[in-house]
Amino acid sequence: MAIVNVTDQSFAAETSEGVVLADFWAPWCGPCKMIAPVLEELDSEMGDKVKIAKLDVDENQETAGKYNVMSIPTLLVFKNGEVVDQVVGFQPKEALAELLNKHL
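Anchor point for the sequence shown: position 82 equals 82 in full-length UniProt numbering, and the numbering is continuous, going up by one each time.
Put into structure tokens, the structure is as follows:
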């Protein structure tokens, strides 16, 4: 499954089913740039089990506000539309894989 870029308009639909890792990020954020290749690797390894959605907080402030995102990157784990976990800041791939696997 490819990583999807979501907006305020598409966020709810994209996170409503299954396990979704939502990455709240911005183009100017250093740690956000560092975590991008980690998310690409996770996407290729976890395939159809997990969807990864990226939301640019500068362009989609409504959704970021709804989930009280104060720092980026913030990664929220959704299961069938509900937030079940959250981490803030850069995370190594192993930590993210562990985080996601406990919700599969």
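By construction, the Cβ of each residue, glycine as well, lies at the ideal position given by its N, Cα and C atoms. Since this is a predicted model, take the numbers as computed values, not measurements.
Legend entry - Nearest candidate by alpha-carbon position, reference V19, set D85, K102, F90 and K79: Against the sequence shown, residue 19 aligns to sequence position 19. Answer by Cα proximity: K79.
Inset, instruction - Going by DSSP, name the residue or residues bridged to K54. - result: Your numbering for residue 54 matches position 54 in the sequence shown. BP columns for K54 point to N5 and D23.
Inset, instruction - Could you give the DSSP three-state label for V38: helix, strand or coil? - result: Sequence index remark: in the sequence shown, residue 38 carries index 38 (1-based). In the structure shown, V38 sits in a helix (DSSP, three-state: H, G or I).
Legend entry - Environment of M46 [buried if 16+ CB atoms lie within 10 Å]: The residue given as residue 46 occupies position 46 in the sequence shown. Looking at its Cβ environment, which holds 16 or more other Cβ atoms inside 10 Å, M46 is buried.
Inset, instruction - May I ask you to report which of helix, strand or coil DSSP gives L96? - result: Counting from one through the sequence shown, the residue named residue 96 turns up at place 96. In the structure shown, L96 sits in a helix (DSSP, three-state: H, G or I).
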